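Enquirer: Protein chains in written order, with this note's numbering: chain A, -15 to 135; chain D, 164 to 331.
The beta-carbon is built from N, C-alpha and C at its ideal position, and this holds for glycine as well.
All values derive from a computational prediction rather than experimental measurement.
Following this message is one structure expressed as C-alpha cells.
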Amino acid sequence: MSLKKKKSLDFEVNLIPFIDLLSTCICFLLLTAVWVNVASMNVKQAVGGQAAEAGTKKPTMWVAMAPNGDLTLDVKDARVPAKLAKFSIPGTQGKPNLELLGQAVSQLKSSEPALNTALIQPTAASVYEDIIGLMDGFKKSGVTDLGVSPL
Amino acid sequence: MGIVNQGVIKTSAIGSVIGESSILAPKSERHKREVHAELLLTALIDAFSILVIFLLMSFSSAGDLIVVGKGIELPKAAMGDQLDRQPVVKVEGGKLFVEDKQVQEANLVQALLDLRKKFQETRPGEEFPGIITIQGDRRLKYEQLNSIVLASSQAGFSDIKFAVISSN
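Here it is, written out as C-alpha cells:
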C-alpha cells in the first residue's frame, strides 16, 4: 500500500457559463419568436387556370356553394360511377358539411385517382371562412389543385 | 464561510451583505450556526435546456411576413402552405389596401398594374411571378373579395394566396 497521499479525483464543472449561455439563448428566442403562425391557401383563378390548360382535359370537380351551406359537386372528364358524377351534399347549420364532403371525395378519388382539381364556385353571400374551410377539406382529401371562380 | 468553500457554490455563492459583521450579532458574541444553502444548479440548467429546445422547435426563420390588420381575424386552416413575401391586398373595415396604401375599388386594377410595373423595373429580365396575397376577415362575404379576385386576374396576378392562421 502506497504511503503517498492520494490526489482527489473529484472535480467541479463551472456551471455559470452554461447558465449565461442558456439565458442568452432563451432571451434571443423569446424576442424573435413568431407566435401567430400565418400560412397561405394557394389557389388559381378558375377562369384563367382553365384557359392556360385548354389543351389538356384533367378530371375536374366543380363545387357550387349555396347560401344555406349545400354543396353541389359536378365531376367532369373523369371515369366515375353515374351516381357520383353529380350529387349534392346538404349543409349543416348554414355551413358546408366537411365530414360528408371528405367521405364523398374519398369515394371519388378511389374511382378516379387522377382527380386532383377542384374549382369552387361561391355565391355573393358565401362566407370567406367557409370557402377556406372547403379548400382545407379538399386538401385534406388529397385534392391539391384548387381554384375559386369569380362571381 | 462554510458554504462558500463547499462544492459548486464556491463559484456562485450568494453571500450576505451583512455577512459576519452584523452589529446585531457580532462575531465574537454570537453562537455561530452553519447554514448549508447549496443551489441546485443542475435542475436550473435542465429547465433552461427544455425551454431552449421548445423555443428552437417553434422558431420560424421566415419571421413576420405580413402584419395582420387590427380588425382582421384570419380564417384557420390545417393544410396551409408556407407564406412567402408577396404583394398584399387587404380588406379592413370595408376598405381596400394595397401594400398598406388605401385604394378605391375602381382604382384597384391600376394599383396592381403599378405593382407589376414596379417589379419589372426593379428586376429586369426576371419572370413576373404573378402571385398576390389576400388578407381578409374570416366573416367577410365573398362579394367583398370578388373585386380583388377579378382585379388580380385583370392585372396578371393569376396565383392567389389567401392568408390563413395555421391550425396545426
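For V215/D, which of helix, strand or coil comes out of DSSP?
Expert: Taking the second sequence and counting its residues from 1, one reaches residue 215/D at position 52. Look at V215/D here: in three-state DSSP terms it is helix.
Enquirer: Who are the near neighbours of E268/D in its chain, counting only those whose CB is closer than 7 Å to its CB and skipping five residues on each side?
Expert: In the second sequence, residue 268/D corresponds to position 105, counting from 1. Closer than 7 Å at Cβ, skipping near neighbours: L259 and S310.
Enquirer: Which two residues bound the contiguous beta strand (DSSP E) that contains K253/D?
Expert: The count along the second sequence starts at 1 and reaches residue 253/D at position 90. That run of the beta strand (DSSP E) goes V251 to E255.
Enquirer: Determine, for V261/D, whether the minimum Cβ-Cβ distance to residues of chain A falls below 9 Å.
Expert: Your numbering for residue 261/D matches position 98 in the second sequence. Judged by the 9 Å Cβ criterion, V261/D is not in contact with chain A.
Enquirer: Measuring CB atoms only, is the segment -11 to 3 of chain A touching the segment 288 to 296 of chain D, in the sense that at least three cross pairs come out at less than 8 Å?
Expert: no
Enquirer: Roughly how many angstroms separate the alpha carbons of L118/A and S221/D, rounded to a whole number?
Expert: The residue labelled residue 118/A in the question sits at position 134 within the first sequence. The residue labelled residue 221/D in the question sits at position 58 within the second sequence. The alpha-carbon atoms of L118/A and S221/D are separated by roughly 28 Å.
Enquirer: Given this structure, state the Cα-to-Cα distance separating M49/A from G131/A, to the nearest angstrom.
Expert: As a working mapping, residue 49/A is identified with position 65 in the first sequence. As a working mapping, residue 131/A is identified with position 147 in the first sequence. Cα to Cα, M49/A sits roughly 13 Å from G131/A.
Enquirer: Helix, strand or coil: which one does DSSP assign to G121/A?
Expert: Sequence index remark: in the first sequence, residue 121/A carries index 137 (1-based). In the structure shown, G121/A adopts helical secondary structure according to DSSP, grouped into three states.
Enquirer: Determine contact between the segment 306 to 322 of chain D and the segment 8 to 18 of chain A, defined as no fewer than three beta-carbon pairs at a distance below 8 Å.
Expert: no
Enquirer: Provide the residue(s) that pair with Q298/D in DSSP beta bridges, ordered along the chain.
Expert: Numbered from its first residue, the second sequence carries residue 298/D at position 135. According to DSSP, which records beta bridges pairwise, Q298/D is partnered with K253/D.
Enquirer: Compare the C-beta of E201/D against all C-beta atoms of chain A and say whether one is closer than 9 Å.
Expert: As a first step, residue 201/D is located in the second sequence; it is residue number 38 there, counting from the start. Taking Cβ atoms only, chain A never reaches closer than 9 Å to E201/D, which makes this a no.
Enquirer: For R326/D versus L246/D, is the C-beta spacing smaller than 9 Å?
Expert: The sequence position of residue 326/D within the second sequence is 163, counting from 1. The sequence position of residue 246/D within the second sequence is 83, counting from 1. It should be pointed out that residue 326/D corresponds to Ala in this sequence rather than to Arg. Yes; because the gap between Cβ atoms is below 9 Å, this pair is in contact.
Enquirer: Nearest to L5/A by CA position, among L214/D, A200/D, H199/D and L228/D, is which residue?
Expert: For the purposes of this step, residue 5/A is taken as the residue at position 21 of the first sequence. The shortest Cα separation from L5/A among L214/D, A200/D, H199/D and L228/D belongs to L214/D.
Enquirer: Could you compute how far the alpha carbon of N21/A sits from the alpha carbon of E(-4)/A?
Expert: The sequence position of residue 21/A within the first sequence is 37, counting from 1. The sequence position of residue -4/A within the first sequence is 12, counting from 1. Using only the alpha carbons, I get a separation of about 43 Å.
Enquirer: Within the chosen definition, does the segment 103 to 122 of chain A reach the segment 239 to 255 of chain D through at least 3 CB pairs nearer than 8 Å?
Expert: The segment 103 to 122 of chain A makes contact with the segment 239 to 255 of chain D, as at least three CB pairs between them are under 8 Å.
Enquirer: Closest to T128/A by CA distance: which of T107/A, Y112/A and V89/A is it?
Expert: Taking the first residue of the first sequence as 1, we reach residue 128/A at position 144. When only C-alpha atoms are compared, the closest one is V89/A.
Enquirer: I want to verify the contact list: residues of chain D whose CB lies under 8 Å from the CB of L162/A, in sequence order.
Expert: The structure shown does not extend to residue 162/A, since chain A is modelled only from -15 to 135, so the question has no answer here.
Enquirer: In the DSSP assignment, what are the bridge partners of A326/D?
Expert: Within the second sequence, numbered from 1, the residue matching residue 326/D stands at position 163. S24/A.
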